[in-house]
Ligand SMILES: O=C(O)CCC(=O)C(=O)O
Ligand SMILES: [Fe+2]
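In my numbering, the protein residues as written are 334 to 633.
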């Protein structure tokens, strides 16, 4: 699931400067996607790299990929616009980039905040298995994280788990509970492109077992009011996700793309002592969401 960029392709991408992107509401403009696609297709070995990426995300047993853009980040500067345009162009190969948060730019900073709820985004603690925008009727098909800087103290490996595989290991009784609309999580305010608020929601889409979203966040075990039997089934699912997890440390320039219809993600705790790290040196990721194109079996 780690995908290197062939040397010839890296060299060609460093030489080529992609134009600034345009937005159409919350979505990356069609015109930009066309320009980026044309530019990338003109580089050597791009097609095979894109095919490998597609296969990792949507092929049998697949569901996430880490594109190793570290050399490009180094050559262009990881927070330089040219590098961000390249990452955006790779993202647009997969699906349509968009921002569900009207007040945020396309890429949202996820830094480190020592005062925040440690279990939430940008907190310093264990970020339990979840899907992003879990309480929208249409969560992003893909959630992506670009690593600008890992934790300088060495903590915070990413964790990934195959949601459908975890569900398949549960008892039939637990699966029946998870298919009931008895779950809720968080607030839903001022969001674009992710449908309506879904409350309460079922974790399993009973109409389509083995497919669709496993609408789950282990954060609801601590932070939502749930009935006892439903909470117990959700706890079993959380345990199975941990049983099946893979974990790895994102390196500078690594671009993690998660197919939210297949895998759930999270992050181990950062190393202790974050308050001693200057803010400008702390771990930094950039987050971008993608909506599948209609021809991939999904809306938009
Ligand atoms: O910090 C990370 O690696 C994961 C963050 C995350 O999953 C989120 O903010 O939704
Ligand atoms: Fe997340």
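Cβ coordinates follow ideal geometry from the N, Cα and C atoms, glycine included.
In this structure, residue 600 keeps its C-beta atom at 8 angstroms or more from the C-beta atom of residue 546.
Only exposed fits residue 520, as fewer than 16 other CB atoms lie within 10 angstroms of its CB. Rounded to the nearest angstrom, the gap between the Cα atoms of residue 569 and residue 548 is 15 angstroms.
Within the same chain, Cβ atoms closer than 7 angstroms to the Cβ of residue 472 are found at 464, 465, 466, 527, 546, 593, the five residues on either side in sequence being excluded. For residue 597, the enclosing beta strand (DSSP E) stretches over residues 596-600. Residue pairing by DSSP places residue 337 opposite 401 in a beta bridge. If you check the CB distance, residue 430 and residue 439 come in under 8 angstroms. Between residue 622 and residue 397 a beta carbon distance of about 15 angstroms is seen, past the 8 angstroms cut, so the two are scored as non-contacting. Judged by beta-carbon spacing, residue 474 lies within the 8 angstroms limit of residue 625, meaning their Cβ atoms are closer than that value.
Look at which beta carbons fall closer than 6 angstroms to any heavy atom of ligand 2; those residues are 463, 465, 476, 598. Residue 379 and residue 609 have their C-alpha atoms roughly 42 angstroms apart. In the structure shown, the three-state DSSP call for residue 347 is helix.
Taking 8 angstroms as the cut-off, the Cβ atoms of residue 427 and residue 590 count as close. Ligand 1 never approaches residue 493 closely enough for any of its heavy atoms to be under 7 angstroms from the residue's Cβ. Counting C-beta pairs closer than 8 angstroms gives fewer than three between the stretch 389-403 and the stretch 443-463, which falls short of the contact rule. In this structure, residue 443 has its beta carbon less than 7 angstroms from a heavy atom of ligand 1. Distance from the Cα of residue 369 is smallest, within the candidate group 413, 403, 419, for 419. If you compare the alpha carbons of 512, 562, 421 with that of residue 540, the shortest gap goes to 512. For the options 500, 489, 604, 385, the alpha carbon positioned closest to that of residue 544 is the one of 500.
In its chain, beyond the 5 residues on either side, 443, 478, 479, 480, 481 have a beta carbon closer than 7 angstroms to the beta carbon of residue 618. Rounded to whole angstroms, residue 334 and residue 405 show a C-alpha spacing of 19 angstroms. In the structure shown, residue 529 adopts coil according to DSSP, grouped into three states.
Following the DSSP letters along the chain, one finds residue 367 inside the alpha helix (DSSP H) bounded by residues 363-374. Buried is the label assigned to residue 567, since at least 16 other Cβ atoms lie within 10 Å of its Cβ. Set against 7 angstroms, the gap from the CB of residue 460 to the closest heavy atom of ligand 1 is smaller.
Beta-bridge partners assigned by DSSP to residue 581: 491. Taking a C-beta distance under 8 angstroms as the contact criterion, residue 336 and residue 385 qualify as a contact pair. Sixteen is the threshold: since fewer than 16 other Cβ atoms of the shown chains lie within 10 Å of the Cβ of residue 505, the residue is exposed.
Residue 540 sits in coil when the DSSP states are folded into three classes, being neither helix nor strand. For residue 524, the shortest C-beta to heavy atom distance toward ligand 1 is 7 angstroms or greater.
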